[in-house]
Amino acid sequence: MPTINRRSFLVSTSLPSVATALQRPPARGYDVLAEIRRYRKMDVHNHIFLDRGVTPSQVIAAADRLEIQKVAISMPRTTSKPESATPAACREANGFVLQAMKDFPGRFLGQCFVNPYYERESLEEITRCIDSGMVMLGELYTQVRLTDPRYFPIIEKCIELKAPLLVHGADARKDWRDPERPGGSTADDFAPIAARYPEAVIIYGHIGGGGDWELVCKALRDAPSIYADTSGSVTDEGMIDFAVQCLGVRRLLFATDLSFESGVAKILAAKLTEAERHQIFFDNFNEILRKRGNHVH
Amino acid sequence: MSIDCHTYIGHWPFRQLRGNTPRGLVNYMERFGIDRSMVANINGVFYKNTQPANEELAAAIKPFSGKFIPFAVINPSYPGWQHDLEVCHEQFGMKGVRVYPQYHDYKLTDPRFEKLLDAANTRNMPVAFSRWLEDSRQHSWMDIGGELSLDDVVPVMAHNPGTFLLLNAYLYPMKDEHLRVFREARIYFDTVNATITIKAWSGYDILGLMQALGSERFLFGSGYPFRDPVSALVRLDIAKELDQRTKAAIWNDNARRLLRI
């Protein structure tokens, strides 16, 4: 088969109009681009990974395609040994995020990444990051489990600062009864911590992250202060509807976690009203940001 | 005309599916402007003898003339599949074959599978694989939890270059050695699990793959009702790099060429 290059299928204005008309994609009753444009969007869970080639400019280019106005980013150190994400590595990662915020003013919402294993350094880093313009903590990873007492000072600091806390939901595993990473926080960890700190704003990271989303939604049902973000590469039909059924629209926050197209599509595909889509795409997160005055007018 | 190359009817034992009937599929197709769907019966994944699933499919889609392009689920490790294939092709008008070696417990190097490829090729029926039906990270304790990797599929293509293959939900992870084989094979891909934005963990960069293999290898596919019906639509519609002619081919012409219809 002949191959083509990227340039050869760039939109061409030189094609004869008749030929172009004959080759148009089929007309459809559902206008995808209009649906994408219809909603303001803030992505509560995304990343830059300079060590893996995911740059701020790539993230902005992808966000622009999907008309996502603001993107909350972190650069977590995705190691699992408790001591592995050192304070210096966390500071370096947060420095990259702060730089991205400067390079793309108004587009990125900074998330401070820390490892609760290092209490003193983490608390200092949170102060530094929030004072520098970050709006929340995220995506705290699998070094320490959310129910571990080493996490408590971090949560208490978030309450003091009125800063939301996004935590990696570690329910992706080969067997739901056997956590892959001992330091990973599963849905069962979020409920007790919500009971201990009902005033904290804690977000379960990516119900579509490969975990059993039915299990996650059912486990979080009776923890009303816990929010869940909709990101992840899983695009199962019915996932968002089930999350709404268990958690209610108010507790769901739009996110992509680098799965941009499907991140937007799964909200469009859900059986929601237009007002409910506005809530998930934008309003719910904006209300959370309002607590510290970081909301969008 | 628009064709979805990747849909199902039938029951999935581990999670409730919606829209998994011919009527449900037609509702999806009408809502999103799809004219025809290539469809197979999930029940054939679980029946040891898959032929009743094919019979169920043939009967179920009968009232929806012209809407569906049925694919037979064939298990080459079970006796009598040759007769089943003949019935599916000649009596039921099925246009392709879907195989589930993970569930039917045979290797792609099994000589019986090579015989199926030969038989399908003789009948001009493409053979479709699925990387998975359920993301293995969230599988039920009763499900097998495995996935068919491209490393499994590549030797099949190397040994059977004449067979038309359709890989469903397969654009990840793609290696250079895969591409070398794909260039010489009659292989097609659907658009499930692809990405056109950032190549991180959500799939292979579909534009890069088109550049490497040619856009004529790609068919629109949704994976419905397992996957949400809008992701595949978004993927194509925001791809500003693809001209109208290329998009039209992905929607229709490439599928027609694969099926020789």
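Going line by line, the protein sequences match chains A and B. Using the working numbering, read the first sequence as starting at 11 and increasing by one per residue. Using the working numbering, read the second sequence as starting at 939 and increasing by one per residue. Here a beta-carbon is modelled for each residue, glycine too, at the ideal position from N, C-alpha and C. Given the structure is predicted, the values throughout are model-derived calculations rather than measurements.
Per the DSSP secondary-structure output, A1010 (chain B) pairs in a beta bridge with B:V1035. Neighbours of F118 (chain A) in chain B, taken as residues at a C-beta separation under 9 Å, are lacking, since the least C-beta distance is about 15 Å. Around the beta carbon of M976 (chain B), 16 or more other beta carbons lie within 10 angstroms, which makes this residue buried. Counting only Cβ-Cβ distances below 8 Å, A182 (chain A) has contacts in chain B at R1075 and Q1076, in chain order.
Neighbours of A275 (chain A) across chain B, judged by C-beta separation under 9 Å: D1166, P1167, V1168, S1169, A1170, L1171, V1172 and R1173. Within chain B, the C-beta atoms nearer than 7 Å to that of R75 (chain A) come from T1135 and I1176, in chain order.
A distance of 8 Å or more separates the beta carbons of A95 (chain A) and F270 (chain A).
Taking all protein chains in view, the Cβ of K80 (chain A) is crowded by 16 or more other Cβ atoms within 10 Å, so the residue is classified as buried. DSSP places H949 (chain B) in no alpha helix (DSSP H); its state is neither H nor E. In terms of Cβ geometry, R117 (chain A) and I1176 (chain B) do not form a close pair [threshold 8 Å].
Nearest to Y1044 (chain B) by alpha-carbon distance, out of B:D1073, B:N979, B:V983 and B:E1122, is B:V983.
The Cβ neighbour count for A991 (chain B), taken over all protein chains shown within 10 Å, is at least 16; the residue is labelled buried.
Its chain contains I972, D973, R974, S975, M976, I1007, L1157, F1158, W1189, N1190, A1193 and R1194 as the residues whose beta carbon lies nearer than 8 Å to that of I941 (chain B), once the 5 sequence neighbours on both sides are disregarded; these appear in chain order. Between the alpha carbons of T959 (chain B) and Q1040 (chain B) lies a distance of about 24 Å.
Boundaries of the alpha helix (DSSP H) around C256 (chain A): M249 to L257. Membership of S1068 (chain B) in the beta strand (DSSP E) is indicated by the continuous run V1065 to S1068. Residue pairing for T1133 (chain B): DSSP places it in a beta bridge opposite B:D1143. DSSP links C122 (chain A) through a beta bridge to A:L147. Unbroken alpha helix (DSSP H) runs of no fewer than 4 residues, entirely contained in the stretch 203-284 of chain A, are found at 223-230, 249-257 and 270-279, following chain order. For F114 (chain A), there is no enclosing alpha helix (DSSP H), as DSSP marks it with neither H nor E. Beta-bridge partners assigned by DSSP to N979 (chain B): B:I947. In its chain, beyond the 5 residues on either side, F1102 have a beta carbon closer than 6 Å to the beta carbon of R1124 (chain B).
Its Cα nearest to that of A1057 (chain B), the residue B:N1098 stands out among B:N1098, B:S1068 and B:T1184. Between A253 (chain A) and chain B, the shortest Cβ-Cβ separation is not below 8 Å.
Just so you know, the alpha carbons of G148 (chain A) and T1133 (chain B) end up roughly 25 Å apart. Close to Y1162 (chain B), with beta-carbon spacing below 9 Å, are these residues of chain A in chain order: E247. Annotation: the continuous beta strand (DSSP E) that includes L1104 (chain B) extends over F1102 to N1106.
Put simply, the backbone Cα of A99 (chain A) is about 30 Å away from that of A201 (chain A).
For R956 (chain B), the closest Cβ of chain A is nearer than 8 Å.
Here L230 (chain A) is buried. Its C-beta has 16 or more other C-beta atoms within 10 Å. In the DSSP annotation of this structure, the continuous segment of the alpha helix (DSSP H) that includes R1050 (chain B) starts and ends at P1049 to T1060. Against chain B, a Cβ distance below 8 Å from A72 (chain A) picks out T1135 and I1136.
G221 (chain A) belongs to the set of residues whose beta carbon lies under 8 Å from a beta carbon in chain B. Among the CB atoms of chain B, none fall inside 8 Å of the CB of Q79 (chain A). When the five nearest sequence neighbours on each side are left out, the beta carbons in the same chain lying within less than 6 Å of the beta carbon of P1014 (chain B) are those of R1050, F1051 and L1054, in order along the chain.
For P92 (chain A), the closest C-alpha among the options A:V124, A:D198 and A:M111 is that of A:V124.
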